[in-house]
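Asks: As numbered in the working numbering, residues 23 to 269 make up the sequence shown, in order. Quick one: this structure, given as structure tokens, is what I'll be asking you about.
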Amino acid sequence: MSLTLRLSPLATLMCLLAGCGSDPESTHKDELHAGNFADVRTRFWADPIGLGAALVSERRCADGATVTREHLLYRDADDPESPVFWADIALESLPDSKTSRLFVLAGLGHEPAGSPASLSLERTSSGRWKRLRPDGASEDLPAFDGCDDVEIQGDHVTPGVVARRLALKPGEPQDVDRLLVRLPGMDLERVKRRFNRADESTLSWEGLGPDGSPAWRIDITTDSAGSPTALNGPRFQHRVVRDKTLR
């Protein structure tokens, strides 16, 4: 099987993620201007027992916001017959770790690189999510009011974003509503998750069923900054195998 990973167009990313940490409705500034970033952290993720790999770069802005890019190769560990898919993800989080913008390109491994699906979302200062259309129009998404976080199927970024935002103490679980993006089809779903910190470096991430009981669990190992370094599920063990920070 031949697989080609493709970056999203520079102009699209600059339009979506420019203005690091600013209100999405305000004037954008150049995301790539060196003065906008205090440091850049790059991590490579791999899975020693399953299929999945990712390259994640996180740029921390001078105002405390972050712009994160992830290039992901993934297959559902619970379904061995499921197809491999790839995704190129760009996400901006405000200084309070609430997600403000998201851009995703995704496709199946056997699809030509020229025909990926795409999704652009933006969260306004009022908390309302909007889907941005290629023609410049936008669609309000009131079904996701109250969702301060997004979750992307198979990604390695959003668990750390919500962990930093909640700043949980050991033994203090918290339930949150999240906007879930299912890949590679870009279906949107409102889901309820429970996060519970066991100690300073470990917390659990549970998917809750309609009755509020846990349907699945993933254990997250974090570093001192709250960034994930390992994700452990029943059929996968995702690990950071290389970590480099440039200042």
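Ideal Cβ positions, reconstructed from N, Cα and C, are used throughout, including at glycine. It should be emphasised that the depicted structure is a prediction, and the values quoted were computed from it without experimental measurement.
1) Let me know the secondary structure DSSP gives Arg-82 once reduced to three states.
2) If we count the other Cβ atoms within 10 Å of its Cβ and call it buried at 16 or more, is Arg-264 buried or exposed?
3) As an exercise, report each continuous beta strand (DSSP E) stretch of at least 3 residues that is fully enclosed by the segment 189-258, in chain order.
4) Identify every run of the beta strand (DSSP E) within the segment 114-191, keeping only runs that are complete inside it and at least 3 residues long; order them along the chain.
5) Can Arg-150 and Ser-142 be called in contact, C-beta distance under 8 angstroms?
6) For Asp-170, does the count of other Cβ atoms within 10 angstroms reach 16, so buried, or fall short, so exposed?
7) Under a Cβ-count criterion, where at least 16 other Cβ atoms within 10 Å of its own Cβ denotes burial, should Ser-147 be classed as buried or exposed?
8) What first and last residue would you give for the beta strand (DSSP E) that runs through Val-106?
9) Can you tell me whether Glu-211 is buried or exposed? The criterion is at least 16 other CB atoms within 10 Å of its CB, across all chains shown.
10) Using beta-carbon positions only, say whether Ala-76 and Glu-92 come within less than 8 angstroms of one another.
11) Need the endpoints of the beta strand (DSSP E) that Arg-91 sits in, please.
12) Could you give the DSSP three-state label for Ala-99: helix, strand or coil?
13) Please state the DSSP three-state secondary structure of Arg-63.
14) Closest Cβ-Cβ distance between Glu-228 and chain D: below 8 angstroms?
15) When the Cα of Asp-197 is compared with those of Arg-81, Val-213, Ala-68 and Asp-209, which residue comes out closest?
16) Please confirm whether Ala-220 and Pro-192 have their CB atoms less than 8 angstroms apart.
Replies: So, from the data block:
1) strand
2) exposed
3) Taken in chain order, the complete beta strand (DSSP E) segments of 3 or more residues contained in the segment 189-258 are 196-204, 209-221, 224-230, 236-244 and 250-255.
4) Runs found: 121-130, 139-145, 151-154, 160-163 and 171-174.
5) no
6) buried
7) exposed
8) Where Val-106 is concerned, there is no enclosing beta strand (DSSP E), given that its DSSP letter is neither H nor E.
9) exposed
10) yes
11) 88-96
12) coil
13) Three-state result, Arg-63: strand.
14) In the displayed structure, chain D is absent; only one protein chain is listed.
15) The shortest Cα separation from Asp-197 among Arg-81, Val-213, Ala-68 and Asp-209 belongs to Val-213.
16) yes
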